[in-house]
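Numbering (the working numbering), first residue to last: 32 to 296. We put the beta carbon where it would ideally sit given N, CA and C, even for glycine. Worksheet: one structure, shown below.
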């Protein structure tokens, strides 16, 4: 998504050229290109798929909505397995229309996980619950902190359910460092993503993720914090930013690679 203006072939070619070893894919461009073709494209370039985004949206209160969500998540798990990634990112979903009950919405996520977590485990895919900043709690994700995500993951084996540590969403939380340590100690850090916090936020707030190094987040400290848990996996950069998307995609990818070296290490 950082360079969604590039098609998959250009993305893969330029990642390989720049020495970027893996790419995090989103379901929509994969479906547009073709699932099997996308898997072959990445594999033939010698790249790994670090994660697939996204499953989730598991907060529906009605039986029909719940059934649709479960079916979609099973499909996403199958797609992740085909692409060769062991990680499916879950954005849990916001409040159902007319509801103000955050506790009940989170409980429905736990109930849905009892259905899909074993399915994922059988296919070698881990479900990574991503807490989103509280400004998204109403419409996108009622899971706002790593503590909440870990509580949802706890009933399941770590090989089935863990969490995403995304700097954009958790950098503000004083409890997040301890939650990262706890997640690492239980092998539940399944994905680590970077984006910076820049203000003012744009209208709609969704596409406000700043280029790493442009904002308030200490990227190096977060990398050290996560690696202190024993994390040796890929580190993704995931930026939703209209300004970046309006630029040349190859230029943005090259800039992001430079920033990754200068700001994270």
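- The beta carbons of residue 160 and residue 211 sit no closer together than 9 Å.
- Judged by DSSP secondary structure, residue 200 falls within the alpha helix (DSSP H) whose first and last residues are 198 to 201.
- Residue 118 has 157 as its beta-bridge partners, per DSSP.
- In this structure, residue 296 lies away from residue 225, with their beta-carbon atoms at least 9 Å apart.
- Judged by DSSP secondary structure, residue 46 falls within the alpha helix (DSSP H) whose first and last residues are 39 to 49.
- Judged by DSSP secondary structure, residue 72 falls within the alpha helix (DSSP H) whose first and last residues are 66 to 75.
- Rounded to the nearest whole angstrom, the C-alpha separation of residue 122 and residue 230 is 23 Å.
- For the pair residue 228 and residue 241, the Cα-to-Cα distance works out to about 6 Å.
- In the DSSP assignment, residue 220 falls within the unbroken beta strand (DSSP E) covering 220 to 225.
- Counting along the chain, residue 276 sits inside the alpha helix (DSSP H) bounded by residues 273 to 276.
- Partner residues in the beta bridge of residue 54, as assigned by DSSP, are 80.
- One thing to note: residue 193 has its Cβ no nearer than 9 Å to the Cβ of residue 137.
- Setting aside the 5 residues that flank it on each side, residue 39 is surrounded in the same chain by 60, 64, 69, 72, each with a C-beta closer than 7 Å to its C-beta; the list follows chain order.
- Nearest Cα to residue 174 within the set 134, 155, 215: 134.
- A residue is called buried once 16 or more other Cβ atoms fall within 10 Å of its Cβ, and residue 293, having fewer, is exposed.
- Within a 10 Å sphere around the beta-carbon of residue 48 sit fewer than 16 other beta-carbons, which makes this residue exposed.
- If you draw a straight line from the Cα of residue 129 to the Cα of residue 286, it is about 43 Å long.
- Inter-residue distance for residue 234 and residue 272 is about 12 Å (C-alpha atoms, whole angstroms).
- Comparing alpha carbon positions, the residue from 57, 89, 119, 125 closest to residue 190 is 119.
- Here the C-alpha atom of residue 45 lies approximately 27 Å from the C-alpha atom of residue 257.
- In the displayed model, residue 125 falls within coil according to three-state DSSP, outside both helix and strand.
- Cβ-Cβ separation between residue 105 and residue 147: approximately 6 Å, consistent with a contact (criterion under 8 Å).
- In this structure, the beta-carbon distance from residue 107 to residue 83 falls below 9 Å.
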